[in-house]
Each structure stands twice: as C-alpha cells, then as structure tokens.
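*Asks:* Numbering (the working numbering), first residue to last: 59 to 269.
Ideal placement from N, C-alpha and C gives every residue a C-beta, glycine not left out.
Below is a structure I'd like to ask you about.
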C-alpha cells in the first residue's frame with residue numbers, strides 16, 4: 059500500500075505506475091528517488107491524494123466538473139450544506155456499527171476492532187471541531203469579503219489525513235477479512251468516508267482556499 063511518508067523509491071517498488079505518473083509530471087527519478095513521496099509531489103505541483111487516484115487509474119475525484127464551475131459563495135454553501143452533514147452522518151453511522159460489533163464480537167476480534175475504533179473517535183472529534191470552526195469563523199469571514207488566513211485549517215487537514223492514513227493502514231486498505239455482516243459494512247462505509255474526506259480536503263485546499 060502506498061503511503062505519503064515512504065520514499066519515491068519505495069513507492070515505485072510498491073507500484074511501478076508511480077514512476078510513470080511522476081515522469082508525466084516532469085519529475086526526474088534519479089533526483090527525487092530518496093525524497094518523501096508527498097514532498098516530491100508537492101515540488102512537482104501535484105496533490106498527493108489526486109496523484110494516488112491517477113496511479114489507481116482514475117483521473118479525478120467524483121463530480122468535480124460541477125464543483126469547478128462554482129464561485130466562492132456557491133462552493134462554501136455546497137461544503138456547509140451538503141458535504142459537512144453527509145460526512146458527519148456517515149461518521150456517526152460507522153461509530154454506531156463499531157460499538158455494536160465490538161460488543162457482539164468481543165471474544166473473537168474485540169481487541170482488533172477497538173484499536174481501529176480509537177482512531178475513528180479521534181477522526182470524529184477532529185471533524186466536529188473542524189467543521190464548527192469553518193462554519194462559524196473562516197467561512198463566514200470569507201463570505202463577508204474579509205481576508206482569511208487558512209493556515210490553521212490547512213494544518214488541521216493534514217492532521218485529519220494522517221488519521222485516515224492510520225485507519226487505512228490498520229484495516230489493510232479497508233479490507234478487514236471477515237464474514238460478519240457488520241465488519242463488511244464497516245469496510246464499505248470507512249472506504250467511502252475516506253474517499254469523501256480526501257475529496258473534501260482537495261476541494262478546500264486546491265480550489266476554495268486559492269480563490
């Protein structure tokens with residue numbers, strides 16, 4: 059599994075498509091082989107999560123044509139009225155299923171599930187706090203035409219991505235081996251939330267904050 063902290067060399071060994079995509083960006087492998095993958099991509103002007111999608115054979119996050127046509131006001135309303143509620147609802151649903159699964163399968167896999175659940179709770183707390191701050195302060199100021207410093211939000215985004223990378227690793231890319239229906243549902247929902255969150259952060263970092 060590719061990780062942002064691995065070297066470019068290690069990433070190419072993990073997935074040869076990485077080299078092809080880096081070359082498309084104009085990167086010279088010999089000069090960046092020992093750099094951290096995310097740092098190398100940043101120097102080439104590429105977002106890490108979008109790069110991973112390209113390596114996986116996808117050109118973009120879903121429904122981005124519509125997003126890129128929005129002005130600042132439309133984009134903020136889209137984030138606040140659609141993205142935030144949907145992601146919080148999914149997180150709440152995952153939390154509920156996790157609590158039930160830990161209780162039901164405690165003897166068989168309670169320890170494994172609890173380690174993952176601890177990270178989920180950190181994600182949940184981060185999202186609640188982060189969304190509240192955006193909606194009450196930064197986004198209100200942006201809509202009022204004020205200059206907004208997004209540095210704190212960018213740092214929180216990095217922290218959130220780190221938590222998702224952690225839970226992705228613990229679940230082996232959201233593919234926990236299990237026949238239990240609850241675990242299969244958790245795999246599905248966590249994978250969807252991961253995808254949605256990376257898209258969400260990309261929209262803010264690469265589009266909204268640069269408007």
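Our contact map puts residue 145 next to residue 258 with C-beta atoms below 8 Å; I'd like the distance itself, whole angstroms only.
*Replies:* Along the chain shown, read from residue 1 onward, the residue named residue 145 stands at position 87. Along the chain shown, read from residue 1 onward, the residue named residue 258 stands at position 200. Rounded, the Cβ-Cβ distance is 7 Å, consistent with contact.
*Asks:* By Cβ distance, which residues of its chain are closer than 7 Å to residue 260, with the 5 residues on each side in sequence left out?
*Replies:* Mapped onto the chain shown, residue 260 falls at position 202. Within the same chain, residue 260 has close Cβ partners 105, 107, 108 and 119.
*Asks:* Return the CA-CA distance between residue 121 and residue 245, expressed in angstroms with no decimal places.
*Replies:* Reading the chain shown from its first residue, position 63 is the one you call residue 121. Reading the chain shown from its first residue, position 187 is the one you call residue 245. In a straight line, the C-alpha of residue 121 is about 23 Å away from that of residue 245.
*Asks:* Just verifying my parser: in three-state terms, what is the DSSP assignment at residue 149?
*Replies:* In the chain shown, the residue the question calls residue 149 occupies position 91. In the structure shown, residue 149 sits in a helix (DSSP, three-state: H, G or I).
*Asks:* Would you say residue 166 lies against chain B (beta-carbon separation less than 8 Å)?
*Replies:* In the structure shown, chain B does not exist; there is a single protein chain.
*Asks:* Is there contact here, the stretch 207-214 with the stretch 166-179, by at least three beta-carbon pairs under 8 Å?
*Replies:* no
*Asks:* What is the residue span of the alpha helix (DSSP H) that residue 206 lies within?
*Replies:* The residue given as residue 206 occupies position 148 in the chain shown. Unbroken run through residue 206: none, as it is neither H nor E.
*Asks:* Could you tell me which of 82, 91 and 60 sits nearest to residue 103, measuring between CA atoms?
*Replies:* In the chain shown, counting from the first residue as 1, residue 103 sits at position 45. Looking at the Cα atoms, 82 is the closest of the given residues.
*Asks:* Kindly indicate which three-state DSSP category residue 257 falls into: helix, strand or coil?
*Replies:* Position 199 of the chain shown holds residue 257. Helix.
*Asks:* What's the C-alpha gap between residue 68 and residue 111?
*Replies:* On the chain shown, position 10 is the one that residue 68 refers to. On the chain shown, position 53 is the one that residue 111 refers to. Those two C-alpha atoms are separated by around 18 Å.
*Asks:* Out of curiosity, what's the CA-to-CA distance linking residue 231 and residue 249?
*Replies:* Counted from its first residue, the chain shown places residue 231 at position 173. Counted from its first residue, the chain shown places residue 249 at position 191. Distance between the alpha carbons of residue 231 and residue 249: 8 Å.
*Asks:* In whole angstroms, what separates the C-alpha of residue 239 from that of residue 147?
*Replies:* As a first step, residue 239 must be located in the chain shown, where it is residue number 181. As a first step, residue 147 must be located in the chain shown, where it is residue number 89. Spanning the two alpha carbons is a distance of roughly 20 Å.
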